[in-house]
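**Student:**
Protein chains: 2
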Amino acid sequence: MTTETHAAELRTARDRFISQWGVISTAWGINRTMAQIHALLLTAPTPLSTDEIMAALQISRGNVNTNLRELVGWGLLRIMLRKGERKEYFEAEKDVWKIFCIIARERQRREIEPALAVLRECAERTAKLKGGEAESFHRTMRDLGDFVTSAAGAMDKVSRSERSKIMPLIFKMLK
Amino acid sequence: MTTETHAAELRTARDRFISQWGVISTAWGINRTMAQIHALLLTAPTPLSTDEIMAALQISRGNVNTNLRELVGWGLLRIMLRKGERKEYFEAEKDVWKIFCIIARERQRREIEPALAVLRECAERTAKLKGGEAESFHRTMRDLGDFVTSAAGAMDKVSRSERSKIMPLIFKMLK
DNA sequence: CTGAACTTTCAGTATATATTGAAAATACAA
DNA sequence: TTGTATTTTCAATATATACTGAAAGTTCAG
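Just so you know, the sequences run in chain order A and B.
So the first sequence is numbered by this note's numbering: it starts at 10 and just counts up by one.
So the second sequence is numbered by this note's numbering: it starts at 10 and just counts up by one.
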């Protein structure tokens with residue numbers, strides 16, 4: 010029966026997406042389960058409960074709970090409540106542009122800023138030292154800091170723009 | 010004595026950079042030792058040998074060797090030979106713009122392209138399926154793929170440009 | 001209140017990843 | 001060749017990270 014084949018094909022593709030997304034995520038410093046839950050919810054037609062996620066990915070309650078909170082903390086998931094039910098249901102932000110903006114801003118806040126603090130501190134500590142080695146070290150810290158500041162600033166501007174305004178600009182610039 | 014204080018301050022700043030770079034790197038899916046070796050060489054006034062790196066970071070020969078090869082594989086280090094010596098000395102690329110370009114292109118090749126392949130495969134597999142769920146899944150895969158393709162394309166263009174040509178453009182755009 | 005529905009926590013355990021160090025392989029001067 | 005300096009490999013081990021599941025905590029309808 011064609012309907013069953015189609016349903017099976019959809020399931021296969023979705024499983025493949027969830028599984029591969031988990032693999033790729035580890036290369037980007039994101040834990041496997043978190044990425045899989047995100048992939049599951051990103052492709053779920055309706056919000057899912059903890060129990061449904063446990064069943065779909067075959068993982069424990071504690072694991073699901075921890076990673077759901079983390080994803081909510083990133084702002085990638087919304088909690089939905091159904092009338093007359095106490096259970097929480099989770100729904101992923103599905104707009105790709107919004108997902109990008111959320112991740113860009115959160116990484117900025119959580120990782121880029123601490124890195125910049127270290128670079129600035131190292132640059133300051135050596136600002137007044139004499140001698141080739143100290144001056145060269147200071148220059149390296151300053152250059153790195155300046156670069157990261159520019160890159161982060163560009164990312165920030167992009168992620169604060171309206172997609173419809175910024176994307177044409179980027180395309181035009183890169184033509 | 011001031012000279013000693015200065016030397017000590019430089020050492021402190023450098024140690025702090027190396028140590029913190031190692032911490033930050035793990036958030037980006039790069040292993041700690043690899044980042045520390047890179048930080049060490051980035052701030053070394055001259056190329057260093059395996060033994061010198063072992064001594065500076067207090068780590069084993071095998072570990073140093075593995076991570077040096079990996080860094081050479083990324084193109085972030087050059088191997089230098091001294092006349093009359095058999096030992097290899099390692100020198101880091103110090104131009105921040107070049108470092109950025111190397112990392113951008115390597116991550117593109119190693120991680121973005123495989124991810125794109127999965128997205129495209131999932132989109133294709135479900136292209137002809139009927140029904141709301143299948144169509145919605147297909148759209149998600151397509152949107153994600155399109156977005157990653159654009160972002161990677163922009164990154165590629167930037168990293169292939171002359172720094173002096175692209176940076177002013179970016180700044181102008183973001184003014 | 002009480003108790004059932006649900007969520008959170010966390011000690012114990014499992015898994016994945018990184019590191020060691022010594023042996024094997026390689027390179028090369030004599 | 002042969003001996004020595006150097007690099008590479010890899011089994012054993014250590015460490016970091018993720019996961020489980022049950023117990024404790026919370027919430028709320030009745």
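Note that CB positions come from ideal geometry on N, CA and C, so glycine has one too.
(1) Is the beta carbon of Ser-168 of chain A sitting closer than 8 Å to the one on Arg-114 of chain A?
(2) Do you know whose CA, among A:His-47, A:Leu-19, A:Glu-142, lies nearest Gly-31 of chain A's CA?
(3) Could you pull the DSSP bridge partners for Ile-88 of chain B from this structure?
(4) So is Cys-131 of chain B in contact with chain A if we call contact Cβ pairs under 8 Å?
(5) Is the shortest distance between the beta-carbon of Gln-29 of chain B and the beta-carbons of chain A less than 8 Å?
(6) Output, in chain order, the set of chain B residues within a Cβ distance shorter than 8 Å of Thr-35 of chain A.
(7) May I have the straight-line CA-CA distance separating Leu-128 of chain B from Met-150 of chain B, to the nearest angstrom?
(8) So is Gln-29 of chain B buried or exposed if we call it buried at 16+ other beta carbons inside 10 Å?
(9) Would Ala-161 of chain B pass as a contact of Ile-111 of chain B if the rule is Cβ separation under 8 Å?
(10) State the beta-bridge partners of Ser-58 of chain A as determined by DSSP.
(11) Is the Cβ of Ala-143 of chain B closer than 8 Å to any Cβ of chain A?
(12) Would Trp-83 of chain A pass as a contact of Gly-38 of chain B if the rule is Cβ separation under 8 Å?
(13) Cβ atoms of Leu-138 of chain B and Leu-51 of chain A: under 8 Å apart, would you say?
(14) Among the residues of its own chain, which have a CB less than 6 Å from the CB of Thr-135 of chain A, if the five just before and after it don't count?
(15) Would you mind telling me which residues of chain A sit closer than 8 Å to Glu-120 of chain B, beta carbon to beta carbon, in chain order?
(16) Among A:Thr-21, A:Trp-106, A:Val-81, which residue has its Cα nearest to the Cα of Leu-152 of chain B?
(17) Using only the alpha-carbon positions, how far apart do Ile-62 of chain B and Ser-58 of chain A sit?
(18) Using 8 Å as the threshold, is the C-beta distance between Ile-4 of chain A and Glu-97 of chain A below it?
(19) Measuring straight from C-alpha to C-alpha, what distance separates Phe-156 of chain A and Leu-125 of chain A?
(20) Which chain A residues sit within Cβ distance under 7 Å of Ile-179 of chain B?
(21) Contact defined as beta carbons within less than 8 Å: I believe Leu-66 of chain A pairs with Gln-45 of chain A. What is the distance between those atoms, to the nearest angstrom?
(22) Helix, strand or coil for Lys-139 of chain B per DSSP?
(23) Give every residue of the same chain whose Cβ lies closer than 7 Å to the Cβ of Ala-101 of chain A, excluding the five residues on either side of it in the sequence, and list them in chain order.
(24) Under a CB-based cut-off of 8 Å, is Phe-9 of chain A close to chain B?
(25) Measuring alpha carbon to alpha carbon, tell me which of A:Gly-154, A:Val-73, A:Pro-123, A:Gly-141 ends up nearest Glu-133 of chain A.
**Tutor:** Concretely, from the data shown:
(1) As a working mapping, residue 168 of chain A is identified with position 159 in the first sequence. As a working mapping, residue 114 of chain A is identified with position 105 in the first sequence. For Ser-168 of chain A and Arg-114 of chain A, yes; Cβs fall inside 8 Å.
(2) Along the first sequence, one-based indexing puts residue 31 of chain A at 22. Comparing Cα-Cα distances from Gly-31 of chain A to each of A:His-47, A:Leu-19, A:Glu-142, the minimum goes to A:His-47.
(3) Residue numbering aside, residue 88 of chain B sits at position 79 when the second sequence is read from its first letter. According to DSSP, Ile-88 of chain B bridges with B:Phe-99.
(4) For this step, residue 131 of chain B is matched to residue 122 along the second sequence. It does: the Cβ of Cys-131 of chain B has a partner Cβ on chain A nearer than 8 Å.
(5) As a first step, residue 29 of chain B must be located in the second sequence, where it is residue number 20. Interface residue, yes.
(6) Locating residue 35 of chain A in the first sequence gives position 26, counting from the first residue. Neighbours of Thr-35 of chain A in chain B, taken as residues whose beta carbon is under 8 Å from its own, are Gly-38 in chain order.
(7) Mapped onto the second sequence, residue 128 of chain B falls at position 119. Mapped onto the second sequence, residue 150 of chain B falls at position 141. Roughly 6 Å separates the two Cα atoms.
(8) Reading the second sequence from its first residue, position 20 is the one you call residue 29 of chain B. Buried: at least 16 other Cβ atoms inside 10 Å.
(9) For the purposes of this step, residue 161 of chain B is taken as the residue at position 152 of the second sequence. For the purposes of this step, residue 111 of chain B is taken as the residue at position 102 of the second sequence. Cβ atoms of Ala-161 of chain B and Ile-111 of chain B: not closer than 8 Å.
(10) Numbered from its first residue, the first sequence carries residue 58 of chain A at position 49. Beta-bridge pairing links Ser-58 of chain A to A:Tyr-98.
(11) For the purposes of this step, residue 143 of chain B is taken as residue 134 along the second sequence, with counting starting at 1. Yes, Ala-143 of chain B lies at the interface with chain A (some Cβ there is under 8 Å from its Cβ).
(12) Indexing the first sequence from 1 puts residue 83 of chain A at position 74. Indexing the second sequence from 1 puts residue 38 of chain B at position 29. No. Outside cutoff.
(13) Residue 51 of chain A sits at position 42 when you count from the first residue of the first sequence. Residue 138 of chain B sits at position 129 when you count from the first residue of the second sequence. Contact flag unset, no.
(14) Locating residue 135 of chain A in the first sequence gives position 126, where the first residue counts as 1. Closer than 6 Å at Cβ, skipping near neighbours: Ala-143, Phe-146, His-147.
(15) Residue 120 of chain B sits at position 111 when you count from the first residue of the second sequence. Correct list: Ile-33, Ala-36, Trp-37.
(16) One-based indexing of the second sequence puts residue 152 of chain B at position 143. The question names Leu, but residue 152 of chain B is Asp in the sequence shown. Residue A:Trp-106 is the option with its Cα nearest to Asp-152 of chain B.
(17) Stepping through the second sequence from its first residue, residue 62 of chain B is reached at position 53. Stepping through the first sequence from its first residue, residue 58 of chain A is reached at position 49. A direct Cα-Cα distance of roughly 51 Å separates Ile-62 of chain B from Ser-58 of chain A.
(18) Given that chain A is displayed from residue 10 to residue 184, the structure contains no residue 4 of chain A and the question cannot be resolved.
(19) Your numbering for residue 156 of chain A matches position 147 in the first sequence. Your numbering for residue 125 of chain A matches position 116 in the first sequence. Each residue's Cα considered, the two are about 10 Å apart.
(20) Here residue 179 of chain B refers to the residue found at position 170 when the second sequence is read from its first residue. What Ile-179 of chain B touches in chain A: Ala-163.
(21) The count along the first sequence starts at 1 and reaches residue 66 of chain A at position 57. The count along the first sequence starts at 1 and reaches residue 45 of chain A at position 36. 6 Å between Cβ atoms; contact.
(22) Taking the second sequence and counting its residues from 1, one reaches residue 139 of chain B at position 130. It is coil, neither helix nor strand.
(23) On the first sequence, residue 101 of chain A is found 92 positions in, with the first residue counted as 1. Correct list, in chain order: His-47, Leu-50, Leu-51, Leu-85, Leu-86.
(24) Missing from the structure shown is residue 9 of chain A; chain A here goes from 10 to 184 and no further.
(25) As a first step, residue 133 of chain A must be located in the first sequence, where it is residue number 124. Among A:Gly-154, A:Val-73, A:Pro-123, A:Gly-141, the Cα nearest to that of Glu-133 of chain A is on A:Gly-154.
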